[in-house]
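Note that numbering that gives the first Met the number 0 has the sequence shown beginning at 0, numbered continuously upward.
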Amino acid sequence: MAIINPSVSNAVPIAARYQVYGNVQQSGGLIGVHIRLVDTASQRQLWSQRYERALDDIFQVQRSISRDVVDQLAIQVSTADLERLASRYTPNLLAYEDFLKGQAELLLRDRDANSRARRWYRQAIEHDPNFARAYAGLALSYAADFRNHWAQDGGKALQKAQEMAQTGAQIDQDIAEVHWVLGYVTAQHRQHEVALIHLRRALEVDQSYADAYALIGGINTYLGRPELSIDQLRTALRLNQNAGYLYYLLLGRAYYFMGRYEQALINLRESLARNPTNLETHIYLLATAFAQQDTDTVDWEIEEIRMIEPGFKVNTWLETYPMTDERQRKELEDILIRVES
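Right under this line is the structure:
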């Protein structure tokens with residue numbers, strides 16, 4: 000679904016036991032979201048909730064759903080479950096509980112929540128200084144500061160992300176997630192070939208690690224070779240059939256740059272259905288509509304982008320966008336300048 004993404008790498012311990020499903024409907028100026036929490040093994044529904052809000056309250060809906068799901072998980076996950084999950088990464092149950100709280104905040108994807116996530120990760124490390132995944136979580140929080148321009152010094156934030164990711168990998172080489180985080184952060188540096196090395200290492204640790212295949216596919220598109228992305232992303236979707244919006248966004252993006260606009264739209268619309276407020280999805284829906292000379296959709300997506308990101312500036316967005324292929328960057332720039340007009 001849109002709002003909680005069970006495929007995000009660092010949410011895997013919970014996602015393996017519980018899944019969050021939902022659908023989004025829009026009627027006029029109202030948006031309705033129906034969420035279900037399901038036990039993966041039994042497929043038993045543990046909790047459901049319907050949210051109805053004004054469309055301009057979508058971000059508040061997202062925060063409400065995320066917090067409610069986290070609260071329900073706290074009820075459903077027993078101490079024995081936590082000990083079993085924690086034992087893979089840390090002997091300290093308090094550290095693992097703080098780590099999960101950090102993960103929940105990180106998924107909210109806003110500035111304040113990102114800061115709270117960082118505090119939880121630091122507290123987890125205080126409980127266990129050798130907790131590799133907590134360092135990886137810290138790295139992702141600093142990378143988010145860089146990507147979203149939340150830090151006064153973006154370069155310093157990205158450097159901190161790199162340091163924390165490297166520390167996590169140094170502590171434990173046998174955790175696929177820490178190699179994934181190191182690959183992700185390295186990709187933010189636009190050192191894509193090095194990032195691919197880290198992701199291949201993640202797959203050596205866990206050959207079924209869907210997020211590693213997905214990020215490899217995403218990086219190939221950044222490098223201007225989207226045709227290599229398709230098989231990687233299809234593999235990711237096959238391995239994680241409950242993927243959130245991101246895999247479909249990456250697949251739609253690859254098809255867009257290949258000029259296969261119908262397939263781009265199929266996947267971008269699926270991404271939109273799972274996360275209606277994701278900025279990048281709307282950017283590529285705009286680009287696809289422009290390529291198809293669909294002026295009504297172009298106008299609609301321009302307004303959607305302005306609503307999601309007031310004061311959107313194409314150069315600011317591209318400044319931290321990891322794409323390195325100059326032709327593709329120029330193509331995006333020429334289209335996105337219309338959002339500023």
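Ideal placement from N, C-alpha and C gives every residue a C-beta, glycine not left out.
- Excluding its 5 nearest sequence neighbours in each direction, Ile-218 has C-beta neighbours in its own chain below 7 Å: Ala-186, His-191, Ala-194, Leu-195, listed in chain order.
- Within 10 angstroms of the beta-carbon of Ser-140 lie 16 or more other beta-carbons, which makes it buried.
- Proximity to Ala-94 across Arg-108, Ala-53, Arg-110, Gly-136 peaks at Gly-136, based on C-alpha coordinates.
- Counting only the Cα atoms, Leu-236 lies some 33 Å from Arg-337.
- Bridge partners of His-33 according to DSSP: Asn-22, Arg-49.
- Sequence-distant Cβ neighbours of His-126 in its own chain, meaning closer than 6 Å and more than five residues away, are Asn-91, Leu-93, Ala-94.
- For the pair of segments examined, the segment 169-189 was found not to touch the segment 225-241: the number of CB pairs separated by less than 8 Å stays below three.
- Separation of Phe-256 and Gln-327 (C-alpha to C-alpha, rounded to the nearest whole angstrom) is 7 Å.
- Distance check between Val-297 and each of Gly-27, Pro-309, His-281, His-178 places His-281 closest, using alpha-carbon atoms only.
- Taken through DSSP and simplified to helix, strand or coil, Met-322 comes out as coil.
- The alpha-carbon separation between Lys-329 and Ile-229 amounts to approximately 22 Å.
- When the beta-carbon positions are compared, Tyr-183 and Arg-132 stay at least 7 Å from each other.
- The DSSP assignment places 153-170 as complete runs of the alpha helix (DSSP H) inside the segment 150-181, in order along the chain (cut-off: 4 residues).
- Comparing C-alpha distances from Tyr-254 to each of Tyr-244, Leu-245, Ile-265 shows the shortest one belongs to Ile-265.
- Judged by DSSP secondary structure, Glu-104 falls within the alpha helix (DSSP H) whose first and last residues are 92-107.
- About 16 Å separates the CB atoms of Leu-181 and Ala-156; that is not less than 8 Å, and the two are not in contact.
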